[in-house]
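Input: a single structure, listed below in structure tokens.
Numbering (my numbering), first residue to last: 26 to 98.
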């Protein structure tokens, strides 16, 4: 790269900051017990961001943990 006069471009490192307010304590009702005996007892959710080529969009899904199937988005 030096002989060709090329230099790399790097993004600056992200600087993490401490929040000005503490987050409220949210109870963990599931307690990492993922064994479910009937449908509609436990629903879980996830959010992911998808680059569409010109903008970011997000996808939020709700999954029934018993059937392991998406029940809503």
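Ideal placement from N, C-alpha and C gives every residue a C-beta, glycine not left out.
Since the structure is predicted, the reported quantities are computational estimates derived from the model, not experimental observations.
Which stretch, first to last residue, makes up the beta strand (DSSP E) that contains residue i?
| i | result |
| --- | --- |
| residue 55 | Run containing residue 55: none; DSSP gives neither H nor E here. |
| residue 75 | 68-76 |
Would residue i pass as a contact of residue j if the rule is Cβ separation under 8 Å?
| i | j | result |
| --- | --- | --- |
| residue 84 | residue 69 | no |
| residue 67 | residue 55 | yes |
Tell me whether residue i sits in a helix, a strand or coil according to DSSP, three-state version.
| i | result |
| --- | --- |
| residue 88 | strand |
| residue 94 | strand |
| residue 83 | strand |
Would you say residue i reaches chain B, if we count a Cβ-Cβ gap shorter than 8 Å as a contact?
| i | result |
| --- | --- |
| residue 97 | Any reference to chain B falls outside this structure, which holds one protein chain only. |
Write down the C-beta distance between residue i and residue j rounded to the nearest angstrom, noting that I regard them as a contact closer than 8 Å.
| i | j | result |
| --- | --- | --- |
| residue 88 | residue 82 | About 20 Å separates the two Cβ atoms, so there is no contact after all. |
| residue 92 | residue 64 | 6 Å |
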